[in-house]
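Right, one structure below, let's go through it.
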Amino acid sequence: MRVTVHTTQQTAAREAVEAGADGLEHGVTVEPLTDHSLIDLMLERGTTYTPTLWIDDAHPDARGNLKKVAEAGVHIALGSDTFSGLGRYGANTLEEAGLMVAAGMTPAQVLAAGTSGAARQCVRPDLGTVAPGKRADLLVLDADPTADIGSLRDLRMVIQNGGITVDKR
């Protein structure tokens, strides 16, 4: 069974990773991440860091901590934590993508976090990349999200499992 633990402090994050958690939801938000051995441990164990900045962006260290773990090469997933009762499905995901870029990740890194990174964390090898044998789930946009992550809002078409479900052409 995969385990993801909600954390906000370094001590709790370390305890979770040492106990075998596969992922940290929120990560370290309420203090600067100064324990570099925690980052090394996450890398060693393949732990996924899901920042949910749209919830924790009020904490001044949340963005800097995301930047640290992303630059170190820790697996990142874009997650919304929508089940917290806040925000709207989809809208908070778009907000999260923008906040992740504002924290220092490139748009391409954020797109990977929202596709292959999230699929990896959810153990869904059929999702997250465009390749033979995978589901054909695609967003077709009117602009390039690698140039501007806000382009995710310029939806042209949605293809789910190979079929068009939204068509704004």
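All residue numbers for the sequence shown refer to the numbering used here, where the first residue is 300 and numbers rise by one. For every residue, glycine included, the Cβ atom is placed at its ideal position computed from N, Cα and C. The model shown is predicted, which means the values in this text are computed figures rather than measured ones.
_Cβ-Cβ separation, residue 324 to residue 346 (assumed contact under 8 Å), whole Å_ = About 11 Å separates the Cβ atoms of residue 346 and residue 324, ruling out a contact at the 8 Å cut-off.
*Please list, in chain order, all residues of the same chain as residue 306 whose beta carbon is under 8 Å from its beta carbon, the five residues on each side excluded.*
Once the five neighbours on either side are set aside, the close Cβ partners of residue 306 are 312, 315, 323, 324, 325, 326, 327.
*Report the option in 462, 407, 468 whose CA atom is closest to the CA atom of residue 453.*
Here the closest residue by C-alpha is 468.
_Residue ranges of each alpha helix (DSSP H) within the region 390-442, 4 or longer_ = Listed in chain order, the alpha helix (DSSP H) runs fully inside the region 390-442 are 390-401, 406-411, 417-420, counting runs of at least 4 residues.
*Span of the alpha helix (DSSP H) holding residue 322?*
For residue 322, there is no enclosing alpha helix (DSSP H); the residue is found in the beta strand (DSSP E) stretching over 322-324.
*In three-state DSSP terms, what is residue 453?*
In this structure, residue 453 counts as coil in the three-state DSSP scheme.
*asked:* Measuring only the C-alpha atoms, how far is residue 371 from residue 355?
replied: In this structure, the CA atom of residue 371 is about 21 Å from the CA atom of residue 355.
*residue 414 beta carbon less than 8 Å from that of residue 427*: Against a cut-off of 8 Å, the Cβ pair of residue 414 and residue 427 comes out as a contact.
*Reduced DSSP category for residue 349 - H, G, I as helix; E, B as strand; rest coil*: DSSP places residue 349 within a strand segment (E or B) once states are collapsed to three.
*Using 10 angstroms around the beta-carbon of residue 300, count the other beta-carbons present and answer buried if the total reaches 16, otherwise exposed.*
Under a 10 Å Cβ-count criterion, residue 300 is classified as exposed, with fewer than 16 other Cβ atoms of the shown protein chains found around its own Cβ.
*DSSP bridge partner residues for residue 458 (one or two, in chain order)*: In the DSSP output, where bridge partners are listed per residue, residue 458 has 437, 463.
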